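Everything below concerns the one structure shown next.
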Amino acid sequence: MDDTADTRWKTDPEAPDAAEHAAEGGGVDELDRRVAAAAMRLAAGQGWRNTGLLAIARAAGVPPGAFYRRFPSRSDVLAAVSRVADTAVLADEAPVSPDESARDRLFDVMMRRYDALLPYRDGLRSVVRDLRREPLTALAFSRHFGRSMAWMLRAAGVEADRTGGALFVAGLGAVQARVMRVFLEDDSADLSRTMAALDSELRRAERWAGALRRRSGRASPTESPPPPQGTGETAGEPGSASAG
Numbered sequence: 096m097d098d099t100a101d102t103r104w105k106t107d108p109e110a111p112d113a114a115e116h117a118a119e120g121g122g123v124d125e126l127d128r129r130v131a132a133a134a135m136r137l138a139a140g141q142g143w144r145n146t147g148l149l150a151i152a153r154a155a156g157v158p159p160g161a162f163y164r165r166f167p168s169r170s171d172v173l174a175a176v177s178r179v180a181d182t183a184v185l186a187d188e189a190p191v192s193p194d195e196s197a198r199d200r201l202f203d204v205m206m207r208r209y210d211a212l213l214p215y216r217d218g219l220r221s222v223v224r225d226l227r228r229e230p231l232t233a234l235a236f237s238r239h240f241g242r243s244m245a246w247m248l249r250a251a252g253v254e255a256d257r258t259g260g261a262l263f264v265a266g267l268g269a270v271q272a273r274v275m276r277v278f279l280e281d282d283s284a285d286l287s288r289t290m291a292a293l294d295s296e297l298r299r300a301e302r303w304a305g306a307l308r309r310r311s312g313r314a315s316p317t318e319s320p321p322p323p324q325g326t327g328e329t330a331g332e333p334g335s336a337s338a339g
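First residue of the sequence shown: 96, per my numbering; consecutive thereafter.
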C-alpha cells in the first residue's frame, strides 16, 4: 500500500475531465464512478494492499484536495464501489409489484446489484483477499455496507426502518456475504451460478424466518426479509467475505 510514496501530482490521461468536474463541486455520482473504476482497476492489477489513495486519485484524475474531501480513507473508496452499485439499483423507480413475494423482489434487487458490480469483479476479488489484513478498514466499511443493505431492502419494498429492521439488514448482509463468494468466481455467461446461490440462500433464510415467526407467534410472514443465519460471518462482509 502506497499512500505517500509519490506526492507529485499527475493525472491519468484517460481521465482528463475528472479534476475540473470535482473542483466545481458537482457530479458526485460521476466522481464515485471514476474513483470506483480506478480503484478496482488498480486493485485487479497490483493487489488492493498495494493500491494507495494517491495512486487511486491520480488514476481517477481527481486533485488530492478534492479526493480527500470525498474519500479520506480506504473504506470510503470501497464505499464508493457500493454506492455505484446501489445507485444503479435505485435508479429503477418502477413500483413494487404486490403480486411478488418479498423473496422474489429481493432476488431481483440483489441480482441487479451483482450486475452493477460485474465491471469491478476482478478488483473486488483482490479486495476480498487482501482486506483480511486490514481489519480497521473492514470495520469502517461495515457501516457503509449496513446502509447499503438497508436500501436494498427498501428497493424490494421491505421496510428496513420498522422495529426489528436492524435484524433484517444483518440477515440480508449474511446472505450477501455467502453469495458474493460465488459471484466472484462465477464464469457463467448469465451469472447462473450466482442466481442459483442467491435463490438457495434466500429460500433458506425465508424458512428460518418462518420458523422464528411461528415460535414468536407472529403472523403475515410474506413481507419479512431474511434474518441473520447461524454462521460466524457478520453483516459487515468485508471482514468475512467481500467488500461489495
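We put the beta carbon where it would ideally sit given N, CA and C, even for glycine.
Because the structure is a prediction, the values reported are computed rather than measured.
Continuous alpha helix (DSSP H) stretch holding residue i: start and end
i: Ala286; result: Sequence check: residue 286 is Leu here, not Ala. Run containing Leu286: none; DSSP gives neither H nor E here.
i: Thr232; result: Pro230 to Ala250
i: Ala138; result: Val123 to Gln141
i: Ser221; result: Arg216 to Asp225
i: Ala211; result: Ala197 to Leu212
i: Ala255; result: That residue, Ala255, is in no alpha helix (DSSP H); it is neither H nor E in DSSP.
i: Gly160; result: Pro159 to Arg165
i: Ala155; result: Leu148 to Ala155
i: Val172; result: Arg169 to Leu185
Beta-carbon proximity of residue i to residue j, cut-off 7 Å
i: Leu212; j: Ala180; result: yes
i: Ser94; j: Trp143; result: Since the first residue shown for the chain is 96 and the last is 339, residue 94 is missing from the structure and cannot be characterised.
i: Val191; j: Gly252; result: yes
i: Ser177; j: His239; result: yes
i: Ile151; j: Ala134; result: yes
i: Glu301; j: Arg208; result: no
i: Val123; j: Ala155; result: no
Whole-angstrom distance between residue j and residue i, CA atom to CA atom
i: Arg299; j: Gly339; result: 22 Å
i: Phe263; j: Ala255; result: 7 Å
i: Arg257; j: Leu248; result: 12 Å
i: Ala314; j: Pro214; result: With a pLDDT of 45 at Ala314, under the threshold of 50, the modelled position of that residue is not reliable, and no figure is offered here.
i: Ala292; j: Gly160; result: 42 Å
i: Arg88; j: Leu126; result: Lying outside 96 to 339, the shown extent of the chain, residue 88 is not represented and no answer is given.
i: Val274; j: Leu148; result: 29 Å
i: Ser287; j: Asp281; result: 8 Å
i: Ala265; j: Gly140; result: 32 Å
i: Glu195; j: Met206; result: 16 Å
i: Ala284; j: Ala183; result: 20 Å
i: Ala269; j: Met244; result: 10 Å
i: Asn145; j: Pro230; result: 16 Å
i: Tyr163; j: Ala272; result: 29 Å
Neighbourhood of residue i by C-beta distance below 7 Å, restricted to the same chain and skipping five residues each side
i: Trp246; result: Asp181 and Leu185
i: Asp294; result: Phe202
i: Glu119; result: Here Glu119 scores only 46 on pLDDT, less than 50, and its place in the model should not be relied on; the value that follows carries that caveat. So no residue of the chain qualifies.
Same chain, Cβ closer than 8 Å to residue i, neighbours up to 5 away in sequence not counted
i: Leu279; result: Arg216, Leu219, Arg220, Val223 and Ser337
Residues near residue i by beta carbon distance below 6 Å, same chain, minus five either side
i: Ala175; result: Asp127, Val130 and Ala131
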